[in-house]
Structure formats: structure tokens, C-alpha cells
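S.K.:
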Amino acid sequence: MEYEASRTMPADSRVVFDIAADTQTMHRWLPGEIDVHETAPGVAEAADRAHGVEREGVMHSSPERHRLEWGSRGTPDYAGWLQVTDHDGGTSEVVVHLSFLGDQPEAKGASQAEEHAEHELRRSLDRLADEVARRTSQPGGG
């Protein structure tokens with residue numbers, strides 16, 4: 589299954605990417621069941637505790653491209669990316685893409701799983717936009 593969502597952000601791409609890639613504050617916009625911690629510059633590990641199953645992953649940051657890429661550790665079951673590009677008037681656009689490549693839910697629960705994934709993508713982008721607005725409107729940026 590593939591999912592993708594986009595959202596306009598109230599700042600330029602560099603600012604938005606820096607906020608999105610900040611592992612110290614990612615918890616403010618990611619779904620609550622995902623914990624991220626930096627292990628080296630540009631590399632982070634993540635744990636996803638959704639549905640009572642803990643999955644581990646790795647994330648790479650490419651600041652020069654304003655891009656984050658991640659995937660499950662040791663298996664090709666899950667991958668995703670976030671890309672920030674400049675938009676008109678000092679704004680930018682964030683696109684998030686998720687790929688679930690392993691075993692998928694049975695057809696009966698698939699539409700509910702799709703709705704949940706799409707909802708979580710939109711909520712995460714809304715929280716990121718709120719975080720960008722909050723941090724760019726405060727003196728000193730945050």
C-alpha cells in the first residue's frame with residue numbers, strides 16, 4: 589500500500605525542513621506511537637509501538653535536499669520519505685510518502701487501515717504546520 593499527503597507550510601523550505609528534521613522535537617508532530625532519537629549526525633533510529641507491536645527503523649536526513657528518508661530495520665516492509673520544497677510567497681510545501689510493502693491486512697480491514705493511515709498523515713502534517721507557525725512566530729525562533 590502507498591500513501592501520500594501534502595501540506596503548505598507558513599515558512600520557507602529551509603526553516604520547515606530544520607523543524608521537521610529536529611529529532612528533539614519530532615514528537616510534537618509525529619504520531620504518538622513513534623519515538624525517534626538521533627544516533628549520529630543525519631542518522632536517527634525510530635521505534636514504532638503501534639498496535640502492540642514494536643518495530644524498529646532508521647531515518648536518514650539530507651539537509652541539502654530538504655529530505656528525510658526512513659524504513660524498517662532489517663526488512664523491506666516499510667519505507668517513507670518527507671520532502672520540503674519552496675512555494676510562492678515565502679511558504680513551502682511538505683510531501684510525505686509512506687510505503688507498506690510487507691504483509692497487508694485482510695481485505696475486510698484494509699479500507700479501515702487505509703483511512704487510519706491517511707488520517708494520521710493529515711494530522712501529522714497539520715501538527716507540523718502548527719509547530720512551524722509556533723516556532724517562526726516566537727522571538728528567537730523557538
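All residue numbers in the sequence shown are consecutive under my numbering, ending with 730.
The beta-carbon is built from N, C-alpha and C at its ideal position, and this holds for glycine as well.
Among H685, T673 and H654, which one has its Cα closest to the Cα of A667?
M.R.: Closest by alpha carbon: H685.
S.K.: Considering just the uninterrupted stretch of the beta strand (DSSP E) at D606, what are its terminal residues?
M.R.: Segment S601 to A608 is the alpha helix (DSSP H) holding D606; no beta strand (DSSP E) there.
S.K.: Using the C-alpha atoms, what's the distance from Y591 back to K696?
M.R.: Confidence at K696 is low in this model, with a pLDDT of 46, below 50, so the placement of that residue is unreliable and no value is reported for it.
S.K.: Please state whether DSSP places T673 in a helix, a strand or coil.
M.R.: Of the three classes helix, strand and coil, the one that applies to T673 here is strand, per DSSP.
S.K.: With DSSP as the reference, label D636 as helix, strand or coil.
M.R.: Strand, per DSSP.
S.K.: Using a 10 Å radius around the Cβ and a threshold of 16 neighbouring Cβ atoms, would you call V672 buried or exposed?
M.R.: Label assigned to V672: buried.
S.K.: Could you pull the start and end residues of the beta strand (DSSP E) that T627 belongs to?
M.R.: From DSSP, the beta strand (DSSP E) with T627 extends over I622 to A628.
S.K.: In whole angstroms, what separates the C-alpha of G662 from that of V646?
M.R.: Distance between the alpha carbons of G662 and V646 is about 10 Å.
S.K.: Tell me whether the beta-carbon of V709 lies closer than 8 Å to the beta-carbon of A608.
M.R.: One detail in the question is off: residue 709 reads as Leu in this sequence, not Val. In this structure, A608 does not lie closer than 8 Å to L709 by Cβ.
S.K.: Please list the terminal residues of the continuous beta strand (DSSP E) segment that includes L618.
M.R.: Per DSSP, L618 belongs to no beta strand (DSSP E) and is neither H nor E.
S.K.: Pick from D610, R616, G678 and D606: whose alpha carbon is nearest that of D714?
M.R.: Checked all of D610, R616, G678 and D606; the closest Cα to D714 is R616.
S.K.: Alpha carbon to alpha carbon, what distance is there between P664 and M597?
M.R.: The alpha-carbon atoms of M597 and P664 are separated by roughly 31 Å.
S.K.: With burial defined as no fewer than 16 other Cβ atoms inside 10 Å of the residue's Cβ, what is the status of A593: buried or exposed?
M.R.: So A593 counts as buried.
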